[in-house]
Amino acid sequence: MVFPKFFVLLLSLAYALATDAKFETGVPKDSDLHFLIDPGFQVNKAELNGTAFEVCTDKKTSNCYTDDPATLVNFYIKTTNDVKKLKFEGASGVSKTFTATSAATSAENINNDGTKAAEEKFKLPFVPTKIVPLGADENSVGQDKEVADSKNKNCRKTGPDNCLSIMEEFSHINMTATIETTALLLKLTGADPATQTIEATFVPISSAVWMPRSTAVILATLAIMAYFY
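Residue numbering for the sequence shown is -18 to -1, 1 to 211, as defined by mature numbering (1 follows the signal peptide of the UniProt record, and there is no 0).
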């Protein structure tokens, strides 16, 4: 498995410039590679060589991708001192539970002053649809806070009561591809705005020259960053 950090750096730069971006990099031919790509926006469509790039499944594990989204959310939940934890739930059974305490000291804690628990730009590794207040025994305390309109972006640390807003969404693309004798063109298209794209061309080269070329890409990227910043 190969993790080319220089490629992640290039994609992050493209997002910072808020424009369409096209990159090319050499990769060892006749090999199976695994790339972790952070484009800096929510990906709505992925294409490989002009056709839809397949999503990985239990039966499809190569020449495919998965998208593990992350979000920044605002929420304001009415609580009592009986609420000891807050459980965020998303689609397909995904969830994460945080300790709710009046002495929150880490990213795994949420401040609960006995009347409310509220945060802004709180990071979650998925898109939440519900917040469940839990007691010390992890049984539900009161009613679940169903959030039907989580994308209205009106929620703040000051309210309204029992609100949740998804402020930003980001894709984290895990891609596997077989590099043979011809180049592969990966195109990622954003959801908002839909015109934002990244195109990355993977050119098969000899493994003997792969690392020197990678180093050259790093230096070129740093030069571009110095120019724009």
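For every residue, glycine included, the Cβ atom is placed at its ideal position computed from N, Cα and C. Quick caveat, the model's predicted, so the values are computed rather than measured.
message = On the CB-based measure, 16 or more other CB atoms within 10 Å of its CB, does T7 come out buried or exposed?
response = buried
task = Quick one: using the 10 Å Cβ neighbour count with 16 as the cut-off for buried, is A99 buried or exposed?
result = buried
inquiry  = Does G96 come out as helix, strand or coil in the three-state DSSP assignment?
reply    = coil
key: Candidates A182, T33, I187: closest to I19 by CA position   = A182
request  = Give the DSSP-derived three-state secondary structure of G75 in the structure shown.
outcome  = helix
message = Between the segment 102 to 111 and the segment 146 to 159, can you find at least three pairs of beta-carbon atoms closer than 8 Å?
response = yes
key: Inter-residue spacing [alpha-carbon to alpha-carbon] between T79 and E162   = 44 Å
Spatial neighbours of K139 in its chain, beta-carbon cut-off 8 Å, leaving aside the 5 residues before and after = N56, Y58, A100, E101, E102
request  = Within its chain, find whatever has a CB closer than 8 Å to the CB of T164; leave out the 5 residues flanking it on each side and keep chain order.
outcome  = P186
task = Ignore the nearest five residues each way along the sequence and tell me which others in A130's own chain have a CB closer than 8 Å to its CB.
result = A caution first: A130 carries a pLDDT of 49, below 50, which makes its placement in the model too unreliable to give a value.
query = So what's A130 in DSSP terms, helix, strand or just coil?
reply = Low confidence applies here, because A130 scores a pLDDT of 49, under 50, leaving its location unreliable and the question unanswered by this model.
query = By DSSP, does D50 sit in helix, in strand, or in coil?
reply = coil
ask   = If you draw a straight line from the C-alpha of S13 to the C-alpha of E90, how long is it?
value = 40 Å
task = Return the CA-CA distance between R155 and F35, expressed in angstroms with no decimal places.
result = With the sequence shown as reference, residue 155 is identified as Ile, and Arg is not the correct amino acid for it. The straight-line gap from Cα to Cα measures roughly 12 Å.
request  = Look up D14 in the DSSP assignment and give the residues it is bridged to.
outcome  = T160
ask   = Going by C-alpha distance, which of S153, T160, T158, A159 is nearest T179?
value = S153
request  = Compare the Cα-Cα distances from D119 to each of N93, L68, K27 and report the closest residue.
outcome  = L68
inquiry  = Taking the alpha carbon of S77 as the reference point, which residue from V114, N45, I92, G96 has its own alpha carbon closest?
reply    = V114
query = Given a threshold of 16 other Cβ atoms within 10 Å of its Cβ, counted over all protein chains shown, does A85 qualify as buried or as exposed?
reply = exposed
query = Any idea what DSSP makes of A190, helix, strand or coil?
reply = At A190 the pLDDT is 48, less than 50, meaning the model places this residue with poor confidence; the figure from the coordinates comes in the next sentence. In this structure, A190 counts as helix in the three-state DSSP scheme.
Cα-Cα separation between L116 and D64, rounded to whole angstroms = 8 Å
task = Express the C-alpha separation of N31 and residue 219 in angstroms, rounding to a whole number.
result = Residue 219 is absent from the model: the chain starts at -18 and stops at 211.
ask   = Using a Cβ-Cβ cut-off of 6 Å (strictly less than) and excluding sequence neighbours within five positions of F17, which residues of its own chain qualify?
value = M157
inquiry  = Between C38, C46, K42, K41, which has its C-alpha nearest L166's C-alpha?
reply    = C46
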